[in-house]
Structure formats: structure tokens, C-alpha cells
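Asks: Quick note, my numbering runs 313 ahead of the 1-based positions in the sequence shown. Here you go, one structure.
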Amino acid sequence: MSTKRDYYEILGVAKNATEVEIKKAYRQMAIKFHPDKNPGNKEAEDKFKEAAEAYEVLSNAEKKARYDRFGHQGMGGAGGGQSHMNMDDIFSNFGDIFGEGHPFESFFGGNSGGRGGRRQKVGSSIRIKVELTLQEIATGVEKKLKVKKQVACNSCNGSGAKDSSSVKTCTTCNGSGAVRKVQQSFLGQIATTTTCPTCNGDGTTVVNKCGSCHGTGKTIGEEIVTIKIPAGVGDGMQMTVSGKGNAAERGGIPGDLIVQFEEKPDASLKRDGNNVLYECYISFPDAVTGLSVEIPTVDGKAKIPIKAGTQPGEILRLRGKGIPVLNGYGRGDQLVHINIWTPQKLSSEEKAMIEKLKSSENFKPKPTNQRGFFEKIKEFFS
Ligand SMILES: [Zn+2]
Ligand SMILES: [Zn+2]
């Protein structure tokens, strides 16, 4: 494999190009290097594929972010793995680029993609939700998901046929899966190929169907899918695991599994972006004398010192004890908001002691350099 060109360079856009600019650039490339406009031109076809691959990454916020950080190397591995696109993938994205009823639609035999020739069917995608604790979000986690879905039929190996002699070459298209026709278009007169209506592009027809799946090649089953969830994900974000969705009819390409994350509320910690907030309650005598207090963090328990004379409303910052930045460096902080607990009932003995303290000079409020609560909050989040 030769060295890959930069995706931005391929599309001829700046690194900070907007979604709209990227889409527009790709659209122009797709029209210019379209195989129907450049029949038999290998170079144009390569350019066409290259542009499609670049667009596939740059049009997806998650993939784009990874590419921006890690370059082509970041595109391999879990969830990424997009080194080569085939023509079917490229054409199946065209509805998105050119809109429904786009000018190329007729060339590809309808919205199902596949520009003439034999094409594989694609299974449908499955969406599932996964609940994550704050701790799992902070560290990243590997999850084994039991996915109920359509799987390839065991009896016929996904072929849909009773036996191998039950599969016959389609007589309409002679097995090519496509039929040719000439039509007028804004590009001039073009001979195009469309999907064969008899075999739906398979190139074959099944004479005797498999009894288990009634010829569909798929049955209901389940699969354990292991996914690696990176640290720092948020509620509502999703991850696509390609090829782990429903099986396609008659041995086509399986759809995708789309995993959406849900953040399980934590009993004591509250997430605010990459920071974690904690309400800490201490007693009035402890605020006076100071103490060391054990508090929960996303990494487990931590002991923090509280100075003698701490005022209610103070916010202590535990640097780097928050949530890691998704696909980036660094972590947020944990902010500990100090509350001082005022007793709501007293024994007569306690009451007597408190009464005694009332007249003491040190117990009279002497606020100095008082910043309001809102200034403090502003300071901490700046
Ligand atoms: Zn056919
Ligand atoms: Zn079957």
C-alpha cells in the first residue's frame, strides 16, 4: 500500500473547513471523477475512491476528531478500521450527499446503492443502550454486550438455498447482477447499468429454498460483542461497531451495531462537563478546628485536609481528579463544596455551652475579603 495522502489535501479544503465546505468539496470531486464520466480511467476511479474515503472520515465528527489527532494511524483499530471503501459503500453514501432523488440515483439503480454489477445486500443496523457508571466513564471500560439479532442461517450458511445445486445463475442478467441501459442526463448520453430486477443484483436465483430460513439466509440469534469504551464519553454519545448489526439477506454484509451511552447518576458525585462536583458536609466544631476528611472520588476514596477556620461555601479543588478529556489529554478536576452542618436540636447541656460561646469575642462574624458565591463559582470555572 502506498503512503496515504492527507484527507484535507485530497478534498482540497482547509483544516478548519466547515461541515458544509467539506460536503461541497466532496460533491465536486464525486462529480468530476465519477466512473460513469470517466469510463475505463483507473486514475479517476482511484481519485473517486480516495475522495470518498476522505469524506467518510471528515464528515463524521468522531472519526474526524480522531484523524485530526492521530492522522491515518488513528483510523485503524476498534470502531475505526476504515482503510478501504468499496464502490458499494461509496454509492450508498450518495443519498446523503446529493439528497433524495439526486442526479446520480438512476445510475445506481435506486436508493439501495450498487452501481450495476453484482452487489451485496447490507443488513440493518441495531441500536442498543449501555448504562455506564461515573467510575466507568472516568477510567474507560470494556463491555461484553449480548446482542439479540438476525444472524446467518446455520443450515444454509446464509445462502438461503436448500443445497448448492439449488442456486442457479440468473437468466435475466446472466449472473452479472446488472442490466445496461442508455439514458439522457445532464452529463449527456450515458450508458448506465442498473441492478437486475430479477435477482436484485445477486446474480443468482434460488430454486429450492432453505427450510430453516425460508430462503432469507438469516435467523434470529445472538452474539456477544465486546466493545472498548474510551474514558470521557458522555450521556447520549454513541459508538458504531461496523459489521455487528443484523445479518443481510443471502450472505450480504451485516449492518452496524450502534451503541448509545447512558450515564447512570452517581449517589454522591455530580458530573459537570469534565469536572466532578461533591457536596461535603462537616460539623461546626470540625470547621473550627480543622480535620482530615475522607470523600469519594471517581478513583475511589481520597483523604483531604480541611483547614481550621474554614468557612461554609468554600470550594476546594482537587486537580486532575475529574473526568479525562475524550480522545485528548488531561482530566477535569473534582470540586468539593464545603457545607457546615448546623445542629437542629440540642440537649440542655449543649445549649448551655453554645449560650456561653455567644458572648465570646471570637464568635462574632468578621468577614474580610468576602467574595460572593457567584464570584467564586465564576473563578473556579474560568
Ligand atoms: Zn439477474
Ligand atoms: Zn437457511
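A virtual CB, placed ideally from N, CA and C, is assigned to each residue, including glycine.
Classify Asn588 as helix, strand or coil using the three-state DSSP reduction.
Replies: Locating residue 588 in the sequence shown gives position 275, counting from the first residue. Strand, per DSSP.
Asks: Could you spell out where the alpha helix (DSSP H) holding Arg379 opens and where it closes?
Replies: Along the sequence shown, one-based indexing puts residue 379 at 66. Element bounds for Arg379: 374-383.
Asks: If we ignore side chains and look at the alpha-carbon of each, how far apart do Ala451 and Val492 end up?
Replies: Looking up residue 451 in the sequence shown gives position 138. Looking up residue 492 in the sequence shown gives position 179. Going by the C-alpha atoms only, they are around 55 angstroms apart.
Asks: Rounded to the nearest angstrom, what separates Lys457 and Lys494 at their Cα positions?
Replies: Counting from one through the sequence shown, the residue named residue 457 turns up at place 144. Counting from one through the sequence shown, the residue named residue 494 turns up at place 181. Approximately 49 angstroms between the Cα atoms of the pair.
Asks: Could you check the C-alpha separation between Leu670 and Ser596 for me, to the nearest Å?
Replies: Along the sequence shown, read from residue 1 onward, the residue named residue 670 stands at position 357. Along the sequence shown, read from residue 1 onward, the residue named residue 596 stands at position 283. Between Leu670 and Ser596, the C-alpha separation is close to 16 angstroms.
Asks: With H, G and I counted as helix, E and B as strand and the rest as coil, what does DSSP make of Gln657?
Replies: Within the sequence shown, residue 657 is the residue found at index 344, counting from 1. Residue state, collapsed to three classes: coil.
Asks: So the alpha helix (DSSP H) Arg340 belongs to, where does it begin and stop?
Replies: The residue you call residue 340 lines up with position 27 of the sequence shown. Its alpha helix (DSSP H) spans residues 332-345.
Asks: From this set, Ser477, Lys614, Ile344, which residue's C-alpha is nearest Gly528's C-alpha?
Replies: Taking the sequence shown and counting its residues from 1, the one referred to as residue 528 is at position 215. Per the Cα distances, Ser477.
Asks: Can you tell me whether Gln496 is buried or exposed? The criterion is at least 16 other CB atoms within 10 Å of its CB, across all chains shown.
Replies: As a first step, residue 496 must be located in the sequence shown, where it is residue number 183. By the neighbour-count rule (16 or more Cβ atoms within 10 Å), Gln496 is not buried but exposed.
Asks: Does the Cβ of Thr511 lie closer than 7 angstroms to at least one heavy atom of ligand 1?
Replies: Indexing the sequence shown from 1 puts residue 511 at position 198. At least one heavy atom of ligand 1 is nearer than 7 angstroms to the Cβ of Thr511, so yes.
Asks: In chain order, what are the residues with a CB under 5 angstroms from some non-hydrogen atom of ligand 2?
Replies: That gives Cys466, Ser468, Cys469, Cys523, Ser525, Cys526.
Asks: Can at least three beta-carbon pairs, one atom from the region 436-451 and one from the region 562-582, be found at a separation below 8 angstroms?
Replies: With the cut-off at 8 angstroms, the region 436-451 and the region 562-582 touch.
Asks: Please classify Gly473: does DSSP put it in a helix, a strand, or coil?
Replies: As a first step, residue 473 is located in the sequence shown; it is residue number 160 there, counting from the start. In the structure shown, Gly473 sits in coil (DSSP, three-state: anything other than H, G, I, E or B).
Asks: List the endpoints of the continuous alpha helix (DSSP H) containing Gln448.
Replies: Sequence index remark: in the sequence shown, residue 448 carries index 135 (1-based). Element bounds for Gln448: 447-452.
Asks: What I want to know is whether the C-beta of Gly516 ends up closer than 7 angstroms to one or more non-hydrogen atoms of ligand 1.
Replies: By one-based count along the sequence shown, residue 516 stands at place 203. Yes, since a heavy atom of ligand 1 falls inside the 7 angstroms radius drawn around the Cβ of Gly516.
Asks: Can you say whether Tyr594 is buried or exposed, counting buried as having 16 or more other CB atoms within 10 angstroms of its CB?
Replies: Locating residue 594 in the sequence shown gives position 281, counting from the first residue. Flag for Tyr594 reads exposed.
Asks: CB-CB under 7 angstroms to Ser538, same chain, minus the five flanking residues each way: which ones, in chain order?
Replies: Within the sequence shown, residue 538 is the residue found at index 225, counting from 1. The residue asked about is misnamed: residue 538 is Val in this sequence, not Ser. Correct list, in chain order: Leu458, Val460, Val554, Lys557, Leu570.
Asks: Measuring only the C-alpha atoms, how far is Gly353 from Lys360?
Replies: Counting from 1 along the sequence shown, the entry for residue 353 is found at position 40. Counting from 1 along the sequence shown, the entry for residue 360 is found at position 47. Using only the alpha carbons, I get a separation of about 13 angstroms.
Asks: Indicate whether Leu639 and Gly545 have their beta-carbon atoms separated by less than 8 angstroms.
Replies: For this step, residue 639 is matched to residue 326 along the sequence shown. For this step, residue 545 is matched to residue 232 along the sequence shown. The answer is yes: Cβ separation under 8 angstroms.
Asks: Could you tell me the alpha carbon to alpha carbon distance between Ile619 and Ile667, rounded to whole angstroms?
Replies: Counting from one through the sequence shown, the residue named residue 619 turns up at place 306. Counting from one through the sequence shown, the residue named residue 667 turns up at place 354. So the alpha carbons of these two residues sit roughly 23 angstroms apart.
Asks: Determine the extent of the beta strand (DSSP E) in which Ile301 is found, giving its start and end residues.
Replies: The first residue shown for the chain is 314 and the last is 695, placing residue 301 beyond what the model contains.
Asks: Where do the N-terminal and C-terminal ends of the beta strand (DSSP E) with Ile619 fall, by residue?
Replies: Along the sequence shown, one-based indexing puts residue 619 at 306. Element bounds for Ile619: 613-619.
Asks: Would you tell me roughly how many angstroms separate the C-alpha atoms of Thr507 and Gly645, rounded to the nearest one?
Replies: Translated into positions along the sequence shown, residue 507 becomes position 194. Translated into positions along the sequence shown, residue 645 becomes position 332. Distance between the alpha carbons of Thr507 and Gly645: 54 angstroms.
Asks: Let me confirm a value: Leu659 is counted as buried when at least 16 other C-beta atoms fall within 10 Å, else exposed. Which label applies?
Replies: As a working mapping, residue 659 is identified with position 346 in the sequence shown. So Leu659 counts as exposed.
Asks: Assign Lys531 to buried or exposed, taking buried as 16 or more other Cβ atoms, counted over all protein chains shown, within 10 Å of its Cβ.
Replies: The residue you call residue 531 lines up with position 218 of the sequence shown. So Lys531 counts as buried.
Asks: CB-CB under 7 angstroms to Asn652, same chain, minus the five flanking residues each way: which ones, in chain order?
Replies: For the purposes of this step, residue 652 is identified with residue 339 of the sequence shown, where counting begins at 1. Here the set comprises Glu592, Cys593, Tyr594, Pro625.
Asks: Run through DSSP, which three-state label would Leu324 get?
Replies: Along the sequence shown, read from residue 1 onward, the residue named residue 324 stands at position 11. Correct three-state label for Leu324: helix.
Asks: Hey, is the region 461-469 in contact with the region 511-527, meaning 3+ C-beta pairs nearer than 8 angstroms?
Replies: Because the criterion of three Cβ pairs below 8 angstroms is met, the region 461-469 and the region 511-527 touch.
Asks: According to DSSP, is Thr508 helix, strand or coil?
Replies: Position 195 of the sequence shown holds residue 508. Three-state result, Thr508: strand.
Asks: Determine which residues share a DSSP beta bridge with His650 and list them.
Replies: The sequence position of residue 650 within the sequence shown is 337, counting from 1. BP columns for His650 point to Glu592, Ile628.
Asks: Quick check: the Cα distance between Cys483 and Thr517, rounded to an integer number of angstroms?
Replies: Residue mapping note: residue 483 aligns to position 170 of the sequence shown, counting from 1. Residue mapping note: residue 517 aligns to position 204 of the sequence shown, counting from 1. Straight-line Cα distance between these residues: approximately 5 angstroms.
Asks: Given this structure, state the Cα-to-Cα distance separating Ser673 from Thr610, to the nearest angstrom.
Replies: Here residue 673 refers to the residue found at position 360 when the sequence shown is read from its first residue. Here residue 610 refers to the residue found at position 297 when the sequence shown is read from its first residue. Whole-angstrom Cα-Cα distance: 38 angstroms.
Asks: Nearer than 7 angstroms: is that true of the beta carbon of Gly490 relative to any heavy atom of ligand 1?
Replies: The residue labelled residue 490 in the question sits at position 177 within the sequence shown. Yes, the Cβ of Gly490 comes within 7 angstroms of a heavy atom of ligand 1.
Asks: Out of curiosity, what's the CA-to-CA distance linking Gly534 and Met552?
Replies: Taking the sequence shown and counting its residues from 1, one reaches residue 534 at position 221. Taking the sequence shown and counting its residues from 1, one reaches residue 552 at position 239. One C-alpha to the other measures close to 22 angstroms.
Asks: Which residue's Cα is closest to the Cα of Val589: Gly633, Asn559, Glu607, Pro567?
Replies: Here the question's residue 589 lines up with position 276 in the sequence shown. If we check each option's Cα against that of Val589, Gly633 comes out closest.
Asks: Checking the sheet assignment: what are the DSSP bridge partners for Gln551?
Replies: Here residue 551 corresponds to residue number 238 of the sequence shown, with the count starting at 1. Beta-bridge pairing links Gln551 to Gln573.
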